[in-house]
Amino acid sequence: MLFGGFSDSWRETIDFTQIGISIDTLRAIESFSRTGSINSFSVDTLLELIPFANRYECQKCACDERLASLIATIKDAIAFVEYGLDETTHLLVAACLQIFLRELPRLLHNLDVMRLLYSSEGKAWLDSVGHASFMLYYLMNQVSMEEDMRSNTTVMLLERLSECASLGIGK
């Protein structure tokens, strides 16, 4: 089951080290299968559980919902948005973006967020979500222009918006 073709069912013992999860996460999987609840799991366990859930198509929505409910500050959002984009956890990414939008226009002066939006990794992540990234840059650009039309932030947002449009994302 874990290694394909149910080959592990013929073994006396199953070696879980090959799938890259800890014993705590295995206990969490067992607990979730019995109770249907993940509320008592630590954030680290949930973060380790999501790749497992992606691979075996189980529990991902529950983990995504739980992680999304834990996002409360801009610091949380910055810390988790990259992970959410990497693991395609839509609710987690949406919760992070909600915090970002709530913090506008102050967000435009947050160096960590600007680094995220302008780094090559950040561009790649946001390009992967397609049209939504164009809309995010468009909204942030509008807010930035209302605040200061000549700021470096406005210029950088306009450049990124132009890149999105030239890639066909904004059509």
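Here the sequence shown stands for residues 69 to 239, numbered as in the working numbering.
C-beta atoms are modelled at their ideal positions from N, C-alpha and C, and glycine is treated no differently.
Close beta carbons around residue i, own chain, < 7 Å, minus the five adjacent residues each side
i: residue 161; result: 149, 152 and 153
i: residue 89; result: 116 and 120
Extent of the continuous alpha helix (DSSP H) run through residue i
i: residue 146; result: 142-154
i: residue 157; result: From DSSP, residue 157 is part of no alpha helix (DSSP H); its letter is neither H nor E.
i: residue 190; result: 188-196
i: residue 220; result: 220-234
i: residue 138; result: No alpha helix (DSSP H) holds residue 138; DSSP gives it neither H nor E.
Cβ distance (whole Å) where residue i is taken to contact residue j below 8 Å
i: residue 145; j: residue 164; result: 4 Å
i: residue 136; j: residue 159; result: 4 Å
i: residue 176; j: residue 221; result: 5 Å
i: residue 208; j: residue 225; result: 6 Å
DSSP state of residue i mapped onto helix, strand, coil
i: residue 88; result: coil
i: residue 178; result: coil
i: residue 122; result: helix
i: residue 216; result: coil
i: residue 109; result: coil
6 Å Cβ shell around residue i - same chain, five flanking residues per side excluded
i: residue 238; result: Any reading at residue 238 is ruled out, since the residue's pLDDT is 49, under 50, leaving its predicted position unreliable.
i: residue 109; result: 96
i: residue 212; result: 176, 221, 222 and 225
i: residue 138; result: none
8 Å Cβ cutoff, residue i in contact with chain D
i: residue 154; result: Although the question refers to chain D, the structure presented lacks it and comprises just one protein chain.
Cβ neighbours of residue i in the same chain (closer than 8 Å, five flanking residues each side left out)
i: residue 182; result: 176, 221 and 224
i: residue 122; result: 128, 155 and 156
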